[in-house]
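4 protein chains.
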Amino acid sequence: MVEITKAHVGFLGLGIMGEAMARNLLKSGLFASVKVWNRTLAKCEALVSEGAQCAETPAAVVESCDVTFAMLADPDAALAAVFGENGVLSAIVPGKGYVDMSTVDEVTSTKIGEAISAKGGKFVEGPVSGSKKPAIDGQLIIMGAGDKDLYDLVQPAFDVMGKKSFYLGNTGAAARMKLVVNMVMGAMMGAFCEGMALADKAGLEQSALLEILSLGAMANPMFALKGPSIMSRFYPPAFPLKHQQKDLRLALALGDSLNQALPVAAAANEAYKNAKAKGHGDEDFAAVYEATQK
Amino acid sequence: MVEITKAHVGFLGLGIMGEAMARNLLKSGLFASVKVWNRTLAKCEALVSEGAQCAETPAAVVESCDVTFAMLADPDAALAAVFGENGVLSAIVPGKGYVDMSTVDEVTSTKIGEAISAKGGKFVEGPVSGSKKPAIDGQLIIMGAGDKDLYDLVQPAFDVMGKKSFYLGNTGAAARMKLVVNMVMGAMMGAFCEGMALADKAGLEQSALLEILSLGAMANPMFALKGPSIMSRFYPPAFPLKHQQKDLRLALALGDSLNQALPVAAAANEAYKNAKAKGHGDEDFAAVYEATQK
Amino acid sequence: MVEITKAHVGFLGLGIMGEAMARNLLKSGLFASVKVWNRTLAKCEALVSEGAQCAETPAAVVESCDVTFAMLADPDAALAAVFGENGVLSAIVPGKGYVDMSTVDEVTSTKIGEAISAKGGKFVEGPVSGSKKPAIDGQLIIMGAGDKDLYDLVQPAFDVMGKKSFYLGNTGAAARMKLVVNMVMGAMMGAFCEGMALADKAGLEQSALLEILSLGAMANPMFALKGPSIMSRFYPPAFPLKHQQKDLRLALALGDSLNQALPVAAAANEAYKNAKAKGHGDEDFAAVYEATQK
Amino acid sequence: MVEITKAHVGFLGLGIMGEAMARNLLKSGLFASVKVWNRTLAKCEALVSEGAQCAETPAAVVESCDVTFAMLADPDAALAAVFGENGVLSAIVPGKGYVDMSTVDEVTSTKIGEAISAKGGKFVEGPVSGSKKPAIDGQLIIMGAGDKDLYDLVQPAFDVMGKKSFYLGNTGAAARMKLVVNMVMGAMMGAFCEGMALADKAGLEQSALLEILSLGAMANPMFALKGPSIMSRFYPPAFPLKHQQKDLRLALALGDSLNQALPVAAAANEAYKNAKAKGHGDEDFAAVYEATQK
C-alpha cells in the first residue's frame, strides 16, 4: 500500500457524523484526494464545494481510492454499502483497504471483514466514541480492530478525525468495545435523567443538581452538556435516541450471547423504548428524560 | 449567636467521614474549642490527642458548645443522638445551633428540626456529597437547608469541611437533594460495573475500557478512581456498599411518595442488594461489580 | 375467653373489604352481637339497618366486645385505631382479643401485638388474600399469626369470612406471607399487562391471547377476571392500584431487610408508580396496563 | 390436496416435544403413513419400532408426504431444515404442505413461508403452548397462521396433537402470539420464584405459600407443577431454561421493533440470563429460581 498521506481516500456515508469526519479528512490536506458518496447524493454537495470529489456508487469510490472509510447509519446500511449492487465488495482488489467506522454488531463487522479479505483487501473496523461536536472538532475516540497493517497505515487519518485511537485485536473487538461504551453511556444517561426528574418532583432546582454534580466525583462533560437540554426539554439531535436504543439492544444481545446479565442496562433500554414510543426517536438521546414524565 | 469563629463547636459521630470532618474543624484553628463525642468513646482518642475535648454524651457536647455538628451513620443513629437519653435535645436552649450533616431521610430531618425549633434552637441539615478522601481533604460538597441564619453563621465551618455549599430551602430540601445525588451515583456505578463485566466477558481489556471512557464525554473522577478497584476486585470502603444501597432505597421511597417511577435506579438497587447478600455490604460500593458475577 | 359463638364481636373499618366481612359475621347469626365502627361513621348505617350496633370510637367497640376484628386501609390507619385517642388500646383488658386483618407491615403488626399483650389482651394478625368479591362471598384466604389460643378461638369467625385459614407462626409471619403473596400478584399482573400490550401492538387480538392463556398451564382466575377489564381499559376498583403498589413497596422493603434482591418485582413496582403518576391510583390494580401505554 | 386423513404425513425433528407429537400422529391411526426425520437419525428408532417410517433427509420426507410437520429446536434449525442441503425446499412442489410448529421469530417464519409459496407449496406456521407433558397427552395449544386452506386441512392432525387450535392470520401472527404467551410465562415464573425466595428468607414455609396461592385468584397449574421442583431445587427439563430465555429475548426484540417497552419482562430476562450463567441453561425454566440465590 502507498503511504496514506499520498493516498486517494474515499468516504461513504455523510450523515451528521460522516460529513464532519470527511470534512476533517479533506481539510487536513494530507491526502491526494477525497472522494465521497452518500445514498442521497445531494448530501455530497457541500463537501464537493469544499474540494471533495463525488461518486455515484460505493464501488466507484473504492475503485479510485487506496483506502475507503465509511460511517453508515446501522448494520443494514453498512451491509448494503458493501454487498449491494455496485457495492464496496465489487471493487475491492488486493492492495485496497476498507475502514468501516460505523457502529455495527460483531456479526456484521465480521461478515464484512471476511468478504473484504476473501477478495484480497484489508479491513479495519473503527467505530467511534463521541457524537456531533467531537466529530466536527476531530476529537473522536476511535476503537480499531482487524488488520494491524492497515490500522497502522491509516493512523494519520485517525489522528485527523480523532484525538486518540486504540487497537483492540481481531475484527469484532472494536464493535464489542463500542457497544460496551455506548451501553454505559445509555444507562448513565438514564440514571441522570431519573435524578433530574426526581429533583424536579421533589421541589429542587434542576440547576442546583447540575452544579452539585459538576463539583463531585461524578462530574463529567455529558451531564454538563445535556443537563441544560433536559431542563429546557429541547433535544436537538447530536446522537439520536433511536441509535442509542439500538446500541443498548445490541449490547444486551452481546451480553445474552455471553451469559452476562445486565439488569441496569436492560431497565435503561426499556426507558429508551418508551421515549421512542412517545415520539422522541429522532431527537437527542437525552430525550430519554421524557420517559420519566407521564 | 456569637461569631462562629469565636465559637465553641461540637461534633457528634466519628466514623470514617465524621472523624475527618471534625479534624478539619480542629486543624482550622478558627474555633474557640472543638468538643467531640462518639458512641464508642475510644474513637475520640485520636482527636483528643490532637487538641479536641471529648464528652461522654451528646447533651454534654451541646451544653458547652454554641453550635454542634453531627455526622451519624443512619437515620436511627441520628434520631438516637437527638432524642435518646442525654441526647442533643435535652441540652438545646435558645441561642444554640445544631447542624446535622448525616445522610437521613426527610422525615427524620424534619422531625429533628421541629424538635430543635420547639426548644428555641436553630437547625440546619447539611448532608454532603463525597466520601472518605474529600472528607479528609476538606473538599466535600455540602447541601444545606433549614434555618437560613444558622446556615449563614456556620459558613466558615462549611468552608473548612467542604469546597462548596448550597442553601436549598426549608428543612428537608437538602435531604432530598442528597438522595437524588446518591441515587444518580448508585445507578451510574451500577451501569459502569455492567460495562466492566461485559468488557471482560467479551474478551476486552478492562483497562482499555477505562482509558476510552476517560477520554470521552463520560470521563469522571469516580470511574477513574473505582475502575482499578473493580479490576482487582478489591474494595476498601470509602463509601460502604450498604450505605449506598440504603440511599437508593430512600431515594426510591422518595420517588414513591412523589409518584416518580425510577426504573433504572430500581434495577441498580436490586444489584446492590444482591452484592450485599453476597457479603459485600461493608466493602466499598464499587463492589456492586460482584453482583455482575456468578 | 368465652366461646366465640356466644361472644360479642366488634369490627373496625368498613371500607370495600371491611363492610363485606362485617356483614358476613352479622349474617352468620353465630354471635351474640356485632358492633361496628368506621372513621366516617355514616358508613355504619347500612350494617346498622341490617342489625349491627354502631360505636363512635374503637375503644367503645372493644369495651363491649369479647373479640374485635379490624380491616383498615393501611399501617397508619391500623396504628391510629389502636394507639389514637379512644383507640383500641385504651379499652383492652385481660380476656379481650384483637384480630387485625389489615394488610400492614411486620413492624406495625408487631408494635400493635406487643401493646395489646402488654395490657393483657391477646392479639392475632390475620391479613387476607382476595379482594372485593371473595370478601362478599366469604371466600377470603386468611393468613393468621400471633396468639395461637385466640387464633383457635376465632376459627368459626374466620370460617364465615374465608374459605381457608392458615396459622403461620408468631406475630409478623402473616404480615410477611401477605406481602409475599401480593408481591407475586403485583408482578404477575405486570407481566400479564405487558403481554396484553405487546399482543395489541403486534396486531393480535387480546381476546385470542386471553383464550390461549386460559387453556394452558398459566390459566388462572385473575387473568380471566381482569383480562376484559384491560381490554376495555375500564378498571372499577376491586383492589385499588395504590394499595397494590404499597404492598410491592413493603415487599421490596422486606427483601431489602433480608438481603433478597427482587428485580422482577422491583420493575413491576416502577410500572405501578408510573400508572399512579398517570392518575390511576384509585382504580383497580389491573390499571397497571396503563403504564404500558404512552 | 388429499384429505388429511388419507394423507401421508411427515414429521421433522424428534426432540422432547417433537417425538411426542409425532407419536400422537402415529398412534391416531388417521394417516396413510407417518415418516420421520431427525438430525441425529438414531432418535428415529423408537418411532420406527412403533410403525413410523424413517428418512435420511428432510427432502426425502417431503418427497413422499402430502403434508410435513416440523418441530425444531430454534430458528437456525428451522432454517437449516428448509434451506439446507436436501432440505424441505428442494422437495416442495405444488400440492404439498409444510407446517412448521417450531417456536421461531417472525422473520424466520416469513422467510420459510415465502420460500415454500414461491415453489407452489402451502405453508402454515403452528407454534404451540405447552411443554413435555401436554405434548405427550395431545393437549397442546396450537397457534396457527398462514395459508388458511392448509390450516383447515390439517385440523384433524392438530386435534390429535393439541386440545385447541387457533387461526390467527397471515404468516407471522402465530410466531408473534407464541412469543407473547411465552413472555408472559417467563415473567410470571420469574415473579413466582421471587415470591418463593422471599418466603424462604422471611422464615415462611414455601409449601404454605404454594397452598395459599393455590386457593386464590392466582391459582394456576404452572405454580402447582413447578412449586415442588423449586422447593427441592431439582429441575428436570420440561421446557429448558435456555429456550425460555431465548423466547424472552425474541419477545423483547418484537417489543423493540414495535416501540413497546416491556420492563417487567426485561428484568425477568436478565434473571434467566443469570441462571444460565450459573449453569442452569439445560434445566427446566423453573431453575430461574437459582437466580434469586447467591
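Protein chains in written order, with our numbering: chain A, 179 to 472; chain B, 179 to 472; chain C, 179 to 472; chain D, 179 to 472.
Even glycine gets a Cβ: it sits at the ideal position worked out from N, Cα and C.
Computed from a predicted model, the values in this text were never measured in an experiment.
Straight-line gap, residue i to residue j (C-alpha atoms, nearest Å)
i	j	result
Tyr276/B	Glu292/B	12 Å
Gly299/D	Val240/D	11 Å
Val285/C	Gly350/C	8 Å
Met366/D	Tyr345/C	27 Å
Asn348/A	Lys356/A	14 Å
Ser307/C	Met321/C	8 Å
Ile390/B	Phe336/A	15 Å
Ser309/D	Ile319/D	10 Å
Ala255/D	Leu430/D	21 Å
Lys556/B	Gly433/C	Look at the range of chain B in this structure, 179 to 472, and you will see that residue 556/B is not part of it.
Ile182/B	Ala375/D	54 Å
Glu303/B	Gly324/B	6 Å
Same chain, Cβ closer than 6 Å to residue i, neighbours up to 5 away in sequence not counted
i	result
Ala465/B	Tyr413, Leu419, Ala453, His458
Thr235/A	Asn264
Ala469/D	Ala449, Asn452, Ala453
Thr281/B	Pro305, Lys356
Asn360/C	Asp425
Leu388/C	Gly405
According to DSSP, residues forming a beta bridge with residue i
i	result
Met321/D	Phe344/D
Ala248/A	Leu190/A, Asp278/A
Glu263/D	In the DSSP output, where bridge partners are listed per residue, Glu263/D has none listed.
Val212/C	Val187/C
Lys300/D	Gly275/D
Asp462/D	Pro418/D
Gln231/B	Lys213/B
Ser307/C	Ile319/C
Cβ of residue i within 8 Å of any chain D Cβ
i	result
Ala386/B	no
Gly433/A	yes
Asn447/A	yes
Arg411/C	no
Ile390/C	yes
Lys472/B	yes
Other residues of its chain near residue i: CB distance less than 8 Å, five sequence neighbours each side excluded
i	result
Asp378/A	Gln384
Gly188/C	Val212, Lys213, Val214, Trp215, Ala233, Val239, Val240, Ser242, Cys243, Val245, Thr246, Phe247
Leu190/C	Gly196, Val214, Trp215, Asn216, Pro236, Val239, Thr246, Phe247, Ala248, Met249, Leu250, Ala259, Val266
Cys222/B	Leu192, Val214, Trp215, Asn216, Ala230, Cys232
Gln422/B	Asn360, Met363, Gly364, Met367, Tyr450, Phe463, Val466
Under 7 Å from the C-beta of residue i: neighbouring residues of chain E
i	result
Lys454/A	In the displayed structure, chain E is absent; the protein chains listed are A, B, C and D.
Beta carbon proximity, residue i to chain A, threshold 8 Å
i	result
Ala375/B	yes
Arg354/D	no
Lys300/C	no
Lys424/C	no
Neighbour flag for residue i against chain B, beta carbons, 8 Å
i	result
Ala313/A	no
Glu372/A	yes
Ser307/A	yes
Lys310/D	no
Arg427/C	yes
Nearest-angstrom beta carbon gap, residue j and residue i [assumed within contact, 8 Å]
i	j	result
Glu481/D	Leu225/D	Absent from the structure is residue 481/D, since the part of chain D shown begins at 179 and ends at 472.
Ile314/A	Phe301/A	Wrong, their Cβ atoms sit about 27 Å apart, outside the cutoff.
Ala397/B	Pro399/A	7 Å
Met339/A	Gly316/A	6 Å
Short CB-CB distance (under 8 Å) between residue i and chain C
i	result
Pro441/A	yes
Leu403/D	yes
Ala185/D	no
Neighbourhood of residue i by C-beta, 7 Å cutoff - its chain only, sequence neighbours within 5 removed
i	result
Ala185/A	Phe209, Ala210, Asp244, Val245
Glu372/A	Thr470
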